[in-house]
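A.B. asks:
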Amino acid sequence: MEMHALSGGFADPAIDAAHAFRAALEAMARPGRIARLAGACPPAPLSPAAGALVLTLCDDTTPLFVSPALLTPALVDWIAFHTAAPLCPPEAAVFALGRWEDLPLDQFRIGTPDYPDRSATLIVEMAALTPPNARLRGPGIETHQDARLPAIAPFTANRARFPLGFDCYFCAGDSVAALPRSTRVEAL
Numbered sequence: 007m008e009m010h011a012l013s014g015g016f017a018d019p020a021i022d023a024a025h026a027f028r029a030a031l032e033a034m035a036r037p038g039r040i041a042r043l044a045g046a047c048p049p050a051p052l053s054p055a056a057g058a059l060v061l062t063l064c065d066d067t068t069p070l071f072v073s074p075a076l077l078t079p080a081l082v083d084w085i086a087f088h089t090a091a092p093l094c095p096p097e098a099a100v101f102a103l104g105r106w107e108d109l110p111l112d113q114f115r116i117g118t119p120d121y122p123d124r125s126a127t128l129i130v131e132m133a134a135l136t137p138p139n140a141r142l143r144g145p146g147i148e149t150h151q152d153a154r155l156p157a158i159a160p161f162t163a164n165r166a167r168f169p170l171g172f173d174c175y176f177c178a179g180d181s182v183a184a185l186p187r188s189t190r191v192e193a194l
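Per my numbering, the very first residue in the sequence shown carries number 7; after that it's consecutive.
1. Please tell me whether A26 and G45 are closer than 8 Å, where the distance is taken between their beta carbons.
2. For L185, write down the residues that DSSP places opposite it in a beta bridge.
3. Tell me where the beta strand (DSSP E) around V60 begins and ends.
4. With distances taken from CA atoms, which of S188, V191, L194 and D180 is nearest C47?
5. Residues in the same chain with beta-carbon distance under 8 Å from S217, minus the five sequence neighbours each way, listed in chain order, please.
6. With distances taken between CB atoms, is the gap from A163 to A33 smaller than 8 Å?
7. Have a look at D22 and A58 and give me their C-alpha separation to the nearest angstrom.
8. May I have a chain-ordered list of the beta strand (DSSP E) segments no shorter than 3 residues that lie completely inside the stretch 66 to 104?
9. How is I116 classed by DSSP in three states: helix, strand or coil?
10. Using a Cβ-Cβ cut-off of 8 Å (strictly less than) and excluding sequence neighbours within five positions of A17, which residues of its own chain qualify?
11. Return the Cβ separation of A75 and A133 in integer angstroms, given the expectation that the two are a contact with Cβ distance under 8 Å.
12. Are L128 and N139 touching if we call contact CB-CB under 8 Å?
13. Identify every residue that forms a DSSP beta bridge with E192.
14. In terms of alpha-carbon separation, which member of D152, Q151, F176 and S125 lies closest to F168?
15. Would DSSP call R28 helix, strand or coil?
16. DSSP puts A153 in a beta bridge; with which residues?
17. Could you tell me whether the Cβ atoms of L81 and P54 are closer together than 8 Å?
18. DSSP on E148, reduced to helix/strand/coil?
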């Protein structure tokens, strides 16, 4: 393990993880709203927001799929040191990390009718969270919320499977937005 793996975590793990967890919950409760999520300094090419989510949501009991495009030795060491999350293939993932085009959507778990919560949550790296290209409606949204999504059709199909499906966090720099499977999506 390289020395760089030892840095880049939360400065005050208990406090910073609590703040990050609260921000992650707020993002998922208010689909499409952009929030700041900082405190982590993961190795490139991972953004600070995605790094904070990994530090907050992953541990040795949460299998993590990392797309091959992001899977550098530095990131593997960083994840191992800070979370001990086991890296896994897509079909075993509780969390998945990668750029949209690198994530094998058809291989992630979407839950079962008896256990819809046994699905994957995707942490998607994006270049930017603006300008909006989608209109969101549903729980946590008073009328509508405009948001930037990497695609429209997969989220429409994902909503059609509700209560099954995957949930997503979108990260760019130190910004995060979320899209639960219960949200209706239409193109702007």
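Virtual Cβ for every residue (Gly too), placed ideally from N, Cα, C.
C.D. replies: Once the coordinates are examined:
1. Yes, Cβ-Cβ distance for A26 and G45 is below 8 Å.
2. According to DSSP, L185 bridges with C174.
3. Element bounds for V60: not the beta strand (DSSP E) but the alpha helix (DSSP H), P54 to L63.
4. The candidate whose alpha carbon is nearest that of C47 is D180.
5. Past the boundaries of the shown model lies residue 217; the chain is included only from 7 to 194, so the question cannot be answered.
6. Contact: no.
7. Across the structure, D22 and A58 are spaced so that their CA atoms are roughly 9 Å apart.
8. The stretch 66 to 104 contains these whole beta strand (DSSP E) runs: 70 to 72.
9. I116: strand per DSSP, three-state reduction.
10. Closer than 8 Å at the Cβ level, and outside the excluded window around A17, lie G45.
11. With a beta-carbon spacing of about 14 Å, A75 and A133 fall beyond the 8 Å limit used to define contacts.
12. Taking 8 Å as the Cβ cut-off, L128 and N139 do not qualify as a contacting pair.
13. Looking at the DSSP output, E192 sits in a beta bridge with R141.
14. Nearest of D152, Q151, F176 and S125 to F168, Cα basis: S125.
15. In the structure shown, R28 sits in a helix (DSSP, three-state: H, G or I).
16. Per DSSP, A140.
17. No, they are not a contact pair.
18. Looking at E148 - three-state DSSP - the assignment turns out to be coil, as it is neither helix nor strand.
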